[in-house]
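Enquirer:
Numbering (my numbering), first residue to last: 3 to 169.
#1: Identify the residues that DSSP records as bridge partners of residue 102: which are they?
#2: Opposite residue 43 in the DSSP bridges: which residues?
#3: Compare the C-alpha of residue 103 against each of 28, 110, 69, 17 and name the closest.
#4: Shortest alpha-carbon distance to residue 156 belongs to which of 77, 42, 34?
#5: Here's a check: name, in chain order, each residue in its chain whose Cβ is nearer than 6 Å to the Cβ of residue 115, leaving out the five neighbours to either side.
#6: How would you label residue 109, buried or exposed, when you count the other beta carbons within 10 angstroms and need 16 or more for buried?
#7: Hey, residue 149 and residue 97 are a contact pair by Cβ (cut 8 Å); roughly how many whole angstroms apart?
#8: How about the segment 6–14 and the segment 72–86: do they share at least three Cβ pairs that are nearer than 8 Å?
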C-alpha cells in the first residue's frame, strides 16, 4: 500500500542564532534528507532569526516535525500539514511560555473544533458565556495566535509597529 503524501510549511518565527543549525538537522532527520533554511533576522526579537521551509513527506510528518523541534527554549514556531483526500490537516503552534498547541484544519486552513470539545466547553461553562468564550479560545489556540502574530508580520522587511508602546 502506497503512503499518502502530505506537505506543509514550517515557520520558525524566532530562534536564537546558535539554535539554527540544530533546527535544520532535526528537520532533516525527520524528512530523511539534509535541509538548509534561508534564515533572516527577526526584527521583533533582537538576536533571533526566522525562516520558512516547505516540506513534503508522509501523512503525519507535521506531527513528527513538531515533536522534533519543540523541546528547545526560546523557540517560536508553527508547523502546518495540509489535508489530503485521506487525512485531516493540522497546525502546531509553539511558544516558550505556552508550550505546544495542536488544532485540526480543513481544506481552507480553518481550525476545526470537534463536537466533543464543544460539548466539553459548554459543560464546563455551565451557562457562563465568559467561560464558554475562554474555553473556545483555548480550543482555537487564541493565546498562541496572539503571541505569534507580531512575529508573523515582522518578515519581508516590514516595520514592526507596537501600538501599545505609542505615546
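Don't be surprised by glycine CBs; every beta carbon is placed ideally from N, CA and C. Computed from a predicted structure; not experimentally measured.
Expert: So, from the data block:
#1: 96
#2: 51
#3: 69
#4: 42
#5: 141
#6: exposed
#7: 5 Å
#8: yes
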